[in-house]
Amino acid sequence: MGHRTFQMASDPDSYADHYEFQVPLFIITEQVPERKPKENSNISFTFVDTVEAAIQQAKQAAGEKEVTVVGGPNVKAGLVDELQIGIMPILLGKGQRHFEHLEDMQIMLKKTKIVETGQRTDIWFTVLK
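Residue numbers for the sequence shown, in full-length UniProt numbering: 1 to 129.
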């Protein structure tokens, strides 16, 4: 998870009780918080300074399980095999842009799955390399 995504929570302690991924989290940042957020038996926080370090440590922690990355820098670094985008029926005039760092890069995707749950639509893509 990138620093900007981590900061989206108004209270980082809320990750322990409310975040959908109750797993060890590896936060890519040069701005380590003074106080570590609340943890529980499933969720822990490790702060690292590079995408590569986050992926390496996450794979080690996951063992044979898949690693899920949250945030756009992983796409630019070529470290993403699959992309899941969740869409809600609301248009926001401003907010966080998840892919602006790609600049002129074109990432080709192949749609592989669509799941509709209530008002939310999730679309999965394979990243073509």
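We put the CB at the ideal spot given by N, CA and C, even for glycine. Owing to the predicted nature of the structure, the values given are computational and were not obtained by experimental measurement.
Sorting Val75, Val115, Trp124 by C-alpha distance to the C-alpha of Glu100 places Val75 at the top. Assigned with DSSP and collapsed to three states, Val32 falls in coil, not helix or strand.
Residue pairing by DSSP places Glu82 opposite Thr126 in a beta bridge.
Distance from the CA atom of Ile28 to the CA atom of Gln119, rounded to whole angstroms, is 31 Å. Only residues of its own chain outside the window of five on either side were considered, and among them Pro24, Phe26, Val67, Val69 have a CB closer than 8 Å to the CB of Ala58, listed in chain order. Look at Glu116 here: in three-state DSSP terms it is strand. For Val48, the enclosing beta strand (DSSP E) covers residues 45–48. Between Gly86 and the set Lys65, Glu103, Val115, the nearest pair of CA atoms involves Val115.
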